[in-house]
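Engineer: Got a structure here, written out as structure tokens. Questions coming.
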Amino acid sequence: TGWQALRYASEEVRADRELVLGIVRDMWWAVEWAAPGLQGDRGFWREVLRQDKLGWMAFAYAPAQMRADRQLVREAMESDVLAFKYAAEALRNDRDFVLESVRRDWTVLRSVPGALRADREIMREAAAQDLQALDYASGDLRSD
Numbered sequence: 001t002g003w004q005a006l007r008y009a010s011e012e013v014r015a016d017r018e019l020v021l022g023i024v025r026d027m028w029w030a031v032e033w034a035a036p037g038l039q040g041d042r043g044f045w046r047e048v049l050r051q052d053k054l055g056w057m058a059f060a061y062a063p064a065q066m067r068a069d070r071q072l073v074r075e076a077m078e079s080d081v082l083a084f085k086y087a088a089e090a091l092r093n094d095r096d097f098v099l100e101s102v103r104r105d106w107t108v109l110r111s112v113p114g115a116l117r118a119d120r121e122i123m124r125e126a127a128a129q130d131l132q133a134l135d136y137a138s139g140d141l142r143s144d
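Pasting the structure below:
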């Protein structure tokens, strides 16, 4: 199949943007075998995310600098907020980014570090959407 061929293909073939995007369109996990030059190309990742509703899952294979790109993570989250879990640790610890993400969908709390689960504003925003969000609140907040 295409993704298996890509896995064992030459660097030159794995660097062919259109070929790789075509394979990734059918099998998002094939992005793992894209050449490093494509992997490090922000435009390539934007195309991966736009071409398929499951493109956000391919984001799991994105290099660290792509997963640290605030706008790129936002674009991944447009397909599915679960993409938040692939954001770089620095973004998942960024209060403003977390608050923005929680406003979009409280379920991102599942991937938010514990310290931010003690933030009253973040938890208030989440609880306003669904009281189940309080299950993710820090112990200190739950006892208030």
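When you line the sequence shown up against the UniProt record's numbering, it's residues 1 to 144, in that order.
Don't be surprised by glycine CBs; every beta carbon is placed ideally from N, CA and C.
Put PRO36 into one of helix, strand or coil per three-state DSSP.
Structural biologist: By 1-based counting over the sequence shown, the position of residue 36 is 36. The answer is helix: DSSP assigns PRO36 an H, G or I state.
Engineer: What residue range is occupied by the uninterrupted alpha helix (DSSP H) comprising LEU19?
Structural biologist: Along the sequence shown, read from residue 1 onward, the residue named residue 19 stands at position 19. Its alpha helix (DSSP H) spans residues 17-26.
Engineer: Give me the residue from ARG110, ALA128, SER79, SER111 with the minimum Cα distance to ARG103.
Structural biologist: Counting from 1 along the sequence shown, the entry for residue 103 is found at position 103. The shortest Cα separation from ARG103 among ARG110, ALA128, SER79, SER111 belongs to ALA128.
Engineer: Alpha carbon to alpha carbon, what distance is there between ALA58 and GLY22?
Structural biologist: Looking up residue 22 in the sequence shown gives position 22. Looking up residue 58 in the sequence shown gives position 58. GLY22 and ALA58: Cα-Cα distance of roughly 14 angstroms.
Engineer: When the distance is taken between beta carbons, is VAL81 closer than 8 angstroms to residue 146?
Structural biologist: Nothing can be reported for residue 146, as the shown portion of the chain is limited to 1 through 144.
Engineer: Just to confirm before moving on: does the CB-CB distance between ARG117 and TYR86 stay below 8 angstroms?
Structural biologist: One-based indexing of the sequence shown puts residue 117 at position 117. One-based indexing of the sequence shown puts residue 86 at position 86. No. Outside cutoff.
Engineer: For MET27 and SER143, what's the separation of their Cα atoms in angstroms?
Structural biologist: For the purposes of this step, residue 27 is taken as residue 27 along the sequence shown, with counting starting at 1. For the purposes of this step, residue 143 is taken as residue 143 along the sequence shown, with counting starting at 1. In a straight line, the C-alpha of MET27 is about 46 angstroms away from that of SER143.
Engineer: Please confirm whether PHE44 and ARG70 have their CB atoms less than 8 angstroms apart.
Structural biologist: Position 44 of the sequence shown holds residue 44. Position 70 of the sequence shown holds residue 70. In this structure, ARG70 does not lie closer than 8 angstroms to PHE44 by Cβ.
Engineer: Between ARG110, VAL13, PRO36, GLU75, which lies nearest to VAL48 when the distance is taken from Cα to Cα?
Structural biologist: As a working mapping, residue 48 is identified with position 48 in the sequence shown. Selected option, being the one with the closest Cα: GLU75.
Engineer: Have a look at VAL20 and PRO63 and give me their C-alpha separation to the nearest angstrom.
Structural biologist: Counting from one through the sequence shown, the residue named residue 20 turns up at place 20. Counting from one through the sequence shown, the residue named residue 63 turns up at place 63. Roughly 16 angstroms separates the two Cα atoms.
Engineer: Would you identify the three-state DSSP class for VAL48, choosing helix, strand or coil?
Structural biologist: One-based indexing of the sequence shown puts residue 48 at position 48. Here VAL48 sits in helix by DSSP.
Engineer: Can you find the residues in the same chain that come closer than 7 angstroms, C-beta to C-beta, to LEU38, ignoring five residues on each side of it along the sequence?
Structural biologist: Position 38 of the sequence shown holds residue 38. Cβ within range, chain order: ALA15, ARG17, VAL20, PHE44.
Engineer: If you run the structure through DSSP and keep just helix, strand and coil, what is VAL112?
Structural biologist: Your numbering for residue 112 matches position 112 in the sequence shown. Looking at VAL112 - three-state DSSP - the assignment turns out to be coil, as it is neither helix nor strand.
Engineer: Thinking C-alpha only, which one of ALA35, GLU100, TRP56 is nearest GLU11?
Structural biologist: On the sequence shown, residue 11 is found 11 positions in, with the first residue counted as 1. The option with the nearest alpha carbon to GLU11 is ALA35.
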